[in-house]
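Below: one structure, written as structure tokens.
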Amino acid sequence: MNDYIVDPNDENLKRLQRFNGGEVYWHTEDFFRFDSDLTDELDAIFEVYMDAFKESEGDDDEVAERRVGFLTAKKIVETARRLGISPRNLRDQFDNFATVVFTPICLWRRDEPGVIHRSLMSNLPTTRE
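Per the working numbering, the sequence shown runs over residues 2 to 130.
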């Protein structure tokens, strides 16, 4: 389990909500957290991830996925060793960092039984009348 993910509840949803016109939304970073002191290191790992992703264009999907995963994991392990933290800890924070970069907006919905579900988005949906 990722210790850096904050579960939503009525209190933190109310406290952290934002408004844009009639839309209620939340910043993804409020629920997918990472140590801000590691931002430079996480950004460097993200750069390795993106470079590997670009280099894999045109490859078979399975081969590309393995290459991207391997190069990213290698950078995570190297960085974690240098920082003296566990690779799993750094991986969890990197996963959150990438989630925030790709999908900075979070929409929360409560279903009929009362379970809260999220939708991660890169921007607020536009409502059409």
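Beta carbons are placed, not taken as given, at the ideal position from N, Cα and C, and that holds for glycine.
In the DSSP output, what is residue i paired with across the bridge?
i, result
"I6", "F33"
"F71", "None, per the DSSP bridge assignment."
"Y26", "R19"
"L121", "C107"
Which residues mark the beginning and the end of the alpha helix (DSSP H) in which residue i is found?
i, result
"N13", "D11 to L17"
"I217", "Because the chain is modelled from 2 through 130, residue 217 falls outside the range shown and cannot be assessed."
"L91", "P88 to F103"
Within its chain, find whatever has a CB closer than 6 Å to the CB of residue i; leave out the 5 residues flanking it on each side and keep chain order.
i, result
"E30", "V101"
"E24", "L125"
Under 7 Å, do residue i and residue j count as touching if we go by C-beta distance?
i, j, result
"L72", "A45", "no"
"I117", "P9", "yes"
"T33", "I6", "In the sequence on display, residue 33 carries Phe and not Thr. Yes, Cβ-Cβ distance for F33 and I6 is below 7 Å."
Grab me the residues of residue i's own chain with a C-beta within less than 8 Å of its C-beta, minus the 5 sequence neighbours each way, in chain order.
i, result
"P114", "none"
"L84", "L39, E42 and L91"
"S123", "F103, T104, P105 and I106"
Looking only at its own chain, which residues have a Cβ that is under 7 Å from the Cβ of residue i, when we skip the five neighbours before and after it?
i, result
"S57", "A65, R68 and V69"
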